[in-house]
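Q:
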DNA sequence: AAAAAACTGGACTATTTGGTCAAGAAATTG
DNA sequence: CAATTTCTTGACCAAATAGTCCAGTTTTTT
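What follows is the structure, given as structure tokens:
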């Protein structure tokens, strides 16, 4: 995984799997366990309050560690945030890997929609954190958006355009289509509270997501001339 | 306009048009001018940083007033926030007023989509502020969501269902359809940075919105069996 | 024009915040 | 087991913050 984020520089080494031979540090397995705890706590706090309103103390409390200890692993609040953003973008990049002109449009779009809904289901906090970052002007991710993510979208849009040119689907703006799928799926994580309130439920079930994915698939596919 | 929000109580009277005869206060036109300034500044700050990370000082600076003066008009930070939420929900409620079973589905959905995109264009800050509030669990608006907005959605969903029953459009889940329109249009305001980055632009033009609205209309209408 | 009310804004405060430091406890290594 | 390195934690601090207070100024009312 490349270090895409991280405007600051040192520290924040992932002690994970990789070859990663640095001079002295072959340190405790404790390191990893604690970093993980901290990141999980931070994801919760940041996604609930945003960067500015989250206090290191609260992260520490949630992680069950003293504040100084948190700041031992991540030298400051921003570093925690960067590490999270890095994780999120990494996970996102791994997904929906390839898409080929030869592929079947209907099948590909269907699995894209389902994968994205699934991501909203399994990682709602990350999704909300991402949304907060973007809404607030993407101070950290701006670069990433206009490089990596832009290319990601353009590549897929190119394939969709080929499908259209080959008459395999209706002529819709490919970039807009990707945005539509992105937004409508993302919504299920970000606006969970609103949806639950409107549908008068207190919790999503797995079948709610299934239902949502099926609905989106049917409307969008039909909308693209890829009939029922 | 009803005071729907405002968990706190006194103060925060709108000195606007209404009959509103209170004993002594028939105060300066200054009051209104300053309140307006403060609210505009607050909308900007809150939508950029969220409630917790916004400081009264920054609101004051942006409004060109000393902090104490801001706190003279709104006795504390929450009150400013409540007032904004109230405005937003009011504006939202006024829109898309009526929808009748006799109406034409295609026409109605089209104008709904266009109106919502237009709202994203003309009030992006309010839209983002709303999104922030929802993502963070709607601490202030939760009540409103499960009452007013819920009824709003249910009423429209009912009409859509009647259209479906009458065979005037494809059988899609009406609530999901409303959510789809909501999310895909809202997106243009909330994720502006992302969209601009991906499309490699630095600013939206009015025709971008037009294009977006047309795209959404065509895909969603077709998706509902309301062919071009 | 005098009285009353609305408004302005500087000074102040109690609390909270991110971050440092240093001293010691645990673990790892030679 | 001694030396070295990693880890833990309470004490501390400077800066920032929401909100108060109040003395004075301007505007409105009578």
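Residue numbers (the numbering used here), protein chains in the order written: chain F, 3 to 230; chain P, 3 to 230. By construction, the Cβ of each residue, glycine as well, lies at the ideal position given by its N, Cα and C atoms. Everything numeric in this text was worked out from a predicted model, so none of it was measured.
1. By the 10 Å Cβ neighbour count, where 16 or more other Cβ atoms means buried, how is residue 1(P) classified, buried or exposed?
2. With residue 170(P) as the anchor, note down where its alpha helix (DSSP H) starts and where it stops.
3. I need the straight-line Cα distance from residue 160(F) to residue 99(P), nearest angstrom please.
4. Contact criterion: CB-CB distance below 9 angstroms. Does residue 78(P) meet it with respect to chain F?
5. Using the C-alpha atoms, what's the distance from residue 224(P) back to residue 43(F)?
6. Please determine, among 137(P), 85(P), 207(P) and 104(P), the residue with the shortest C-alpha to C-alpha distance to residue 197(F).
7. Below 8 angstroms, how does it come out for the region 122 to 132 of chain F and the region 204 to 215 of chain F: are there three or more Cβ pairs, yes or no?
8. When the cut-off is 9 angstroms and only beta carbons count, does residue 52(P) lie next to chain F?
9. Relative to the C-alpha of residue 115(F), which candidate in 210(F), 219(F), 227(F) and 226(F) has its C-alpha closest?
10. Between residue 221(F) and residue 226(P), is the Cβ-Cβ spacing less than 9 angstroms?
11. For the region 136 to 154 of chain P, list every residue whose C-beta sits within 7 angstroms of some C-beta in chain F, in sequence order.
12. Which chain P residues sit within Cβ distance under 8 angstroms of residue 185(F)?
13. Would residue 199(F) pass as a contact of residue 147(P) if the rule is Cβ separation under 9 angstroms?
14. Please report the distance separating the alpha-carbon of residue 233(P) from that of residue 84(P).
15. Just to confirm the assignment: which complete beta strand (DSSP E) runs, minimum length 3, are found wholly within the region 134 to 208 of chain P?
16. Starting from residue 201(P), find everything on chain F with Cβ-Cβ shorter than 7 angstroms and list it in chain order.
17. Please go through the same chain and pick out, in chain order, the residues whose beta-carbon is closer than 7 angstroms to the beta-carbon of residue 86(F), but skip the five residues on each side of it.
18. Where does residue 223(F) fall in DSSP's three states?
19. Just checking my contact of residue 186(P) with residue 182(F) at CB under 8 angstroms: how many whole Å lie between their CB atoms?
20. When we look at the beta-carbon of residue 74(F) and count the other beta-carbons within 10 Å, is it buried (16 or more) or exposed?
21. Measuring only the C-alpha atoms, how far is residue 152(F) from residue 201(P)?
22. How about residue 129(P) and residue 214(P): are their beta carbons less than 9 angstroms apart?
23. For residue 6(P), would you say it is in contact with chain F, using Cβ-to-Cβ distances shorter than 9 angstroms as the test?
24. In whole angstroms, what separates the C-alpha of residue 229(P) from that of residue 135(P)?
25. By the three-class DSSP mapping on this structure, what secondary structure does residue 112(F) have?
26. For chain F, check one thing: does any of its Cβ atoms lie closer than 9 angstroms to the Cβ of residue 24(P)?
27. Within 10 angstroms of the Cβ of residue 35(P), are there 16 or more other Cβ atoms? Answer buried if so, exposed if not.
28. Quick one: which unbroken alpha helix (DSSP H) runs of 4-plus residues sit fully inside the region 34 to 102 of chain F? Chain order, please.
29. Look up residue 229(F) in the DSSP assignment and say whether it is helix, strand or coil.
30. Could you tell me whether any non-hydrogen atom of the ligand ATP is closer than 8 angstroms to the CB of residue 166(P)?
31. Please compile the residues from chain F whose C-beta is within a distance smaller than 7 angstroms of the C-beta of residue 259(P).
32. Determine the chain F residues that contact residue 217(P) at a beta-carbon separation under 7 angstroms, and present them in chain order.
33. So, is the C-beta of residue 119(F) closer than 9 angstroms to a C-beta in chain P?
34. Do the CB positions of residue 172(P) and residue 180(P) come within less than 9 angstroms of each other?
35. Report buried or exposed for residue 188(P), applying the criterion of at least 16 other Cβ atoms within 10 angstroms of its Cβ.
A: In short, the structure shows the following:
1. Residue coverage of chain P in this structure runs from 3 to 230, which leaves residue 1(P) outside it and unanswerable.
2. Position 168 of the second chain, counted from the first residue, corresponds to residue 170(P). No alpha helix (DSSP H) holds residue 170(P); DSSP gives it neither H nor E.
3. Here residue 160(F) refers to the residue found at position 158 of the first chain. Here residue 99(P) refers to the residue found at position 97 of the second chain. Residue 160(F) and residue 99(P): Cα-Cα distance of roughly 40 angstroms.
4. As a first step, residue 78(P) must be located in the second chain, where it is residue number 76. It does not: the Cβ of residue 78(P) has no partner Cβ on chain F nearer than 9 angstroms.
5. As a working mapping, residue 43(F) is identified with position 41 in the first chain. As a working mapping, residue 224(P) is identified with position 222 in the second chain. The straight-line gap from Cα to Cα measures roughly 44 angstroms.
6. Indexing the first chain from 1 puts residue 197(F) at position 195. Nearest option by C-alpha distance: 137(P).
7. yes
8. What you label residue 52(P) is simply residue 50 of the second chain in a count that begins at 1. Closer than 9 angstroms to some Cβ of chain F, the Cβ of residue 52(P) qualifies, so yes.
9. For the purposes of this step, residue 115(F) is identified with residue 113 of the first chain, where counting begins at 1. Comparing Cα positions, the closest option is 219(F).
10. For the purposes of this step, residue 221(F) is taken as residue 219 along the first chain, with counting starting at 1. For the purposes of this step, residue 226(P) is taken as residue 224 along the second chain, with counting starting at 1. Cβ distance < 9 angstroms, so residue 221(F) and residue 226(P) count as in contact.
11. 136, 137, 138, 139, 140, 144, 147, 148, 151 and 152
12. By one-based count along the first chain, residue 185(F) stands at place 183. Simply 185, 186, 188, 189 and 193.
13. In the first chain, counting from the first residue as 1, residue 199(F) sits at position 197. In the second chain, counting from the first residue as 1, residue 147(P) sits at position 145. Yes, the Cβ-Cβ distance between residue 199(F) and residue 147(P) is below 9 angstroms.
14. This structure does not reach residue 233(P), given that chain P is present from 3 up to 230, and the question cannot be answered.
15. none
16. Numbered from its first residue, the second chain carries residue 201(P) at position 199. In chain order: 177.
17. Residue 86(F) sits at position 84 when you count from the first residue of the first chain. Same-chain partners within the cutoff: 41, 44, 45, 48 and 131.
18. As a first step, residue 223(F) is located in the first chain; it is residue number 221 there, counting from the start. Helix.
19. The residue you call residue 186(P) lines up with position 184 of the second chain. The residue you call residue 182(F) lines up with position 180 of the first chain. Rounded, the Cβ-Cβ distance is 5 angstroms, consistent with contact.
20. Mapped onto the first chain, residue 74(F) falls at position 72. Its Cβ having fewer than 16 others within 10 Å, residue 74(F) is exposed.
21. Residue mapping note: residue 152(F) aligns to position 150 of the first chain, counting from 1. Residue mapping note: residue 201(P) aligns to position 199 of the second chain, counting from 1. So the alpha carbons of these two residues sit roughly 7 angstroms apart.
22. As a working note, residue 129(P) is residue 127 in the second chain. As a working note, residue 214(P) is residue 212 in the second chain. No, they are not a contact pair.
23. In the second chain, residue 6(P) corresponds to position 4, counting from 1. Low per-residue confidence applies at residue 6(P): pLDDT is 42, beneath 50, and the placement is therefore not dependable, though the value from the model is reported in the following sentence. No, because no Cβ of chain F sits closer than 9 angstroms to the Cβ of residue 6(P).
24. Along the second chain, read from residue 1 onward, the residue named residue 229(P) stands at position 227. Along the second chain, read from residue 1 onward, the residue named residue 135(P) stands at position 133. Distance between the alpha carbons of residue 229(P) and residue 135(P): 37 angstroms.
25. Reading the first chain from its first residue, position 110 is the one you call residue 112(F). If DSSP states are grouped into helix, strand and coil, residue 112(F) belongs with the helices.
26. Sequence index remark: in the second chain, residue 24(P) carries index 22 (1-based). Interpretation of residue 24(P) is limited by its pLDDT of 33, a score under 50 that renders its predicted location unreliable; the figure taken from the coordinates is listed afterwards. Chain F contact via Cβ: absent.
27. Residue mapping note: residue 35(P) aligns to position 33 of the second chain, counting from 1. With fewer than 16 Cβ atoms within 10 Å of its Cβ, residue 35(P) is classed as exposed.
28. 58 to 65, 69 to 75 and 79 to 96
29. Here residue 229(F) is taken as the residue at index 227 of the first chain, counted from 1. Three-state result, residue 229(F): coil.
30. As presented, the structure is devoid of all ligands, the ligand ATP included, so that no description of it is given.
31. Given that chain P is displayed from residue 3 to residue 230, the structure contains no residue 259(P) and the question cannot be resolved.
32. For the purposes of this step, residue 217(P) is identified with residue 215 of the second chain, where counting begins at 1. Correct list: 174, 175 and 178.
33. Locating residue 119(F) in the first chain gives position 117, where the first residue counts as 1. So, not an interface residue.
34. Along the second chain, one-based indexing puts residue 172(P) at 170. Along the second chain, one-based indexing puts residue 180(P) at 178. No, Cβ-Cβ distance for residue 172(P) and residue 180(P) is not below 9 angstroms.
35. Looking up residue 188(P) in the second chain gives position 186. Buried, because 16 or more other Cβ atoms sit within 10 Å of the Cβ of residue 188(P).
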